[in-house]
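Residue numbers for the sequence shown follow this note's numbering, so the first one is 252 and each next one is one higher.
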Amino acid sequence: MINPRSTCLALALTLFHGVTGQSLSASDVDTVTSRLQESALLSWELGTRAQALLELNAPDFSVFTTKLPPATTVPSNTTSAIAPVFSIAKNAVSGRAAANKNAAGPQPLMGGDGSAADPASIGVAVLIANWTGQGAADGQDYAGAARDQINFLYSSVPRTMDGAISHRTNEIQLWSDFVYMVPPFLAMYGVVTSNSTHIAEAYKQIKLYRNYLLDTNSKNLWKHIVMGSGNNVPNDEGHWSTGNGWAAAGMLRVLATMKNSQYSSSFSNEQKDLASWVKEIHTAMFATLDSTNIFTNYADKPVNGDPKSFYDAASTTLIASTVYRFALVWNDHTHLPNAEKVRKALYASGTSPTLSSVAPKAENPAPSSSNSPSSGVRSSSTRSSSNLPSSTSTSPSPSSTTAPLADLAHFTNDGWLTPVVNPHSFGQEGQKSAEGQAFVLELQASYKEWVAGGSVGANAGNRPSVAWALLTGCAMLGSLMAFA
Ligand SMILES: *[C@@H]1O[C@H](CO)[C@@H](O)[C@H](O)[C@H]1NC(C)=O
Ligand SMILES: *[C@@H]1O[C@H](CO)[C@@H](O)[C@H](O)[C@H]1NC(C)=O
Ligand SMILES: *[C@@H]1O[C@H](CO)[C@@H](O)[C@H](O)[C@H]1NC(C)=O
Numbered sequence: 252m253i254n255p256r257s258t259c260l261a262l263a264l265t266l267f268h269g270v271t272g273q274s275l276s277a278s279d280v281d282t283v284t285s286r287l288q289e290s291a292l293l294s295w296e297l298g299t300r301a302q303a304l305l306e307l308n309a310p311d312f313s314v315f316t317t318k319l320p321p322a323t324t325v326p327s328n329t330t331s332a333i334a335p336v337f338s339i340a341k342n343a344v345s346g347r348a349a350a351n352k353n354a355a356g357p358q359p360l361m362g363g364d365g366s367a368a369d370p371a372s373i374g375v376a377v378l379i380a381n382w383t384g385q386g387a388a389d390g391q392d393y394a395g396a397a398r399d400q401i402n403f404l405y406s407s408v409p410r411t412m413d414g415a416i417s418h419r420t421n422e423i424q425l426w427s428d429f430v431y432m433v434p435p436f437l438a439m440y441g442v443v444t445s446n447s448t449h450i451a452e453a454y455k456q457i458k459l460y461r462n463y464l465l466d467t468n469s470k471n472l473w474k475h476i477v478m479g480s481g482n483n484v485p486n487d488e489g490h491w492s493t494g495n496g497w498a499a500a501g502m503l504r505v506l507a508t509m510k511n512s513q514y515s516s517s518f519s520n521e522q523k524d525l526a527s528w529v530k531e532i533h534t535a536m537f538a539t540l541d542s543t544n545i546f547t548n549y550a551d552k553p554v555n556g557d558p559k560s561f562y563d564a565a566s567t568t569l570i571a572s573t574v575y576r577f578a579l580v581w582n583d584h585t586h587l588p589n590a591e592k593v594r595k596a597l598y599a600s601g602t603s604p605t606l607s608s609v610a611p612k613a614e615n616p617a618p619s620s621s622n623s624p625s626s627g628v629r630s631s632s633t634r635s636s637s638n639l640p641s642s643t644s645t646s647p648s649p650s651s652t653t654a655p656l657a658d659l660a661h662f663t664n665d666g667w668l669t670p671v672v673n674p675h676s677f678g679q680e681g682q683k684s685a686e687g688q689a690f691v692l693e694l695q696a697s698y699k700e701w702v703a704g705g706s707v708g709a710n711a712g713n714r715p716s717v718a719w720a721l722l723t724g725c726a727m728l729g730s731l732m733a734f735a
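Written out as structure tokens, the structure is:
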């Protein structure tokens, strides 16, 4: 016999389930994490890896999920999760004397990089290592290294007339990437040294960068690179999708650092600005999305309009992660239906129309022994082996006989996000992106937290409201039956 009330409930719940859709399994996440560990070698890749690991595995030390400053000791349930983050900090701090030719005083956390900003991305890991007393155990001077890094930014790097710190060491050139690499470090530095001047500086840098990079002629997408002389890395006035993602994600980290810190009430206007600037990027980016729900490498260059254009799952993942994060931090759900569409496209099974011949799905490339990015324009450095991270993974290696991600259109069998821009040459499609792997973990972290909080805001779309109507209907049906 059919019970109309339970049939009604089952239908409504099925509709709710359809809203959340597919996600990555724990073993998928382990596989993605292993690929990230193998591929993150350059300064910003290590900084981004550290941030992703904090967000996903050590929430007690992520600015998004803890009161600041964080605990001064690492709880036992976080020791192994945070170990790779401390390892990144230790490798940088112990390697900097050799990398910087025994320089004293202001210097970057990793040397030999033409970028003034990228090495600072490791700064948050170094600050947490200092704050939790890692130096007492391993003899490294984390506080001194962090101080030298911030003084390098303040005193050794060229600035615009109005004070924007250059992304490059040898000339003034502003890159959207900077917003993720530097301001979160400045803000956290202010928190752990009880000096809000650095938090104000984080905000000021973002505001200046936005002034230079926001393109009001292109519906508020951010340009990628401006102000360079042309003698070094050429400027790139295109609206690089990853750059828009770096900017949104960096602003969110600073917003969360302010909000969760002891200085929250002194920076309430700044938090409002940052929130509106994050949303501005979301609105600009989602206006460019085509029916594949994957962004192109330059958001406003459709694949059909430009032979050099291609789809990029890395920036797509980063942008999606910032929408869930924004909902959690700021309680604004405007773009959640867009993020849900994008997430479902990223985790869809089968094949995808976005895949190109550069990284065919069937291919199962052996982990490359040489990840040297030295041919790329992003960094002109080659790295000595002393700067390579030691192997610290706590995740199991994937078994060679299983391919847990094999069914997913946007992952290769061994766990690389695809298709992706070459992270070392931003105009070209690549095959393996360390930052792309980190973005997957960041999406996983923010999506999981959003689901745990009740998936608030998914119903800005249509299916959930149908489900709600049905549930209400079910409830009414239930009361009618009770009277019968
Ligand atoms: C670790 O334990 C503390 C205290 O019991 C708890 O509040 C925290 O959520 C735990 N963290 C993780 C990552 O499980
Ligand atoms: C290092 O940590 C100590 C607390 O142990 C803190 O007082 C100090 O401000 C920190 N220094 C830096 C540069 O983060
Ligand atoms: C806070 O930081 C600023 C910028 O580096 C510095 O000028 C100022 O002296 C610091 N304030 C304190 C109390 O240390």
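For glycine and all other residues, C-beta sits at the position ideal for the given N, C-alpha and C.
Any non-hydrogen atom of ligand 3 closer than 7 angstroms to residue i Cβ
i, result
"H449", "yes"
Cutoff 6 angstroms; reference residue i; Cβ partners in own chain excluding five residues on either side
i, result
"S372", "W295, G298 and M432"
Any non-hydrogen atom of ligand 2 within 7 angstroms of residue i CB
i, result
"N402", "no"
"T444", "yes"
"L378", "yes"
"R398", "yes"
"W382", "yes"
"A394", "yes"
Near ligand 1: residue i beta-carbon under 7 angstroms from a heavy atom
i, result
"P310", "yes"
"T329", "yes"
"P326", "yes"
Residue i to residue j span [Cα, whole Å]
i, j, result
"Y440", "N446", "8 angstroms"
"G386", "S345", "11 angstroms"
"S603", "A565", "15 angstroms"
"L464", "Y549", "15 angstroms"
"A451", "D392", "26 angstroms"
"P321", "E531", "30 angstroms"
"T444", "K559", "47 angstroms"
"G501", "F577", "12 angstroms"
"A277", "E693", "14 angstroms"
"I423", "K470", "26 angstroms"
"D428", "H475", "8 angstroms"
"V691", "S480", "35 angstroms"
"A581", "L525", "The residue you asked about is not Ala; residue 581 is Trp in the sequence shown. For W581 and L525, the distance between alpha carbons rounds to 10 angstroms."
"E680", "G390", "42 angstroms"
"F537", "A599", "19 angstroms"
"R300", "W382", "20 angstroms"
"V408", "A397", "16 angstroms"
Cβ neighbours of residue i in the same chain (closer than 8 angstroms, five flanking residues each side left out)
i, result
"A613", "Because A613 sits at a pLDDT of 39, beneath the cut-off of 50, its placement in the model cannot be relied upon, and the following sentence gives the value as read from the coordinates. Taken in chain order, the list of residues that qualify is empty."
"L579", "F315, S697, E700, W701 and G704"
"T448", "G441"
"T645", "The predicted position of T645 is uncertain, since its pLDDT is 39 and thus under 50; a value taken from the coordinates is nonetheless stated next. So the qualifying residues of the chain are S331, A332, A334 and P335."
Contact set for residue i: own chain, Cβ-Cβ below 7 angstroms, skip 5 residues either direction
i, result
"D399", "G356, P357 and Q358"
"N308", "A332"
"W520", "According to the sequence shown, residue 520 is Asn rather than Trp. For N520, where only same-chain residues beyond five positions count, there are no Cβ hits under 7 angstroms."
"R504", "V314 and P435"
"W528", "R461 and M502"
"A590", "A571, V574 and Y575"
Paired residues, beta bridge with residue i - DSSP
i, result
"M410", "Checking the sequence shown, residue 410 turns out to be Arg, not Met. Bridge partners of R410: I416."
"Y562", "T547"
"S681", "The question names Ser, but residue 681 in the sequence shown is Gly. Paired residues: V671."
"D466", "L472"
Limits of the unbroken alpha helix (DSSP H) element including residue i
i, result
"L292", "Taken as a continuous stretch (DSSP letters only), L292 belongs to no alpha helix (DSSP H), as it is neither H nor E."
"V505", "S492 to N511"
"F436", "P434 to V443"
"G346", "T330 to A350"
"G374", "G374 to W382"
"T534", "S519 to F537"
"G386", "Q385 to D389"
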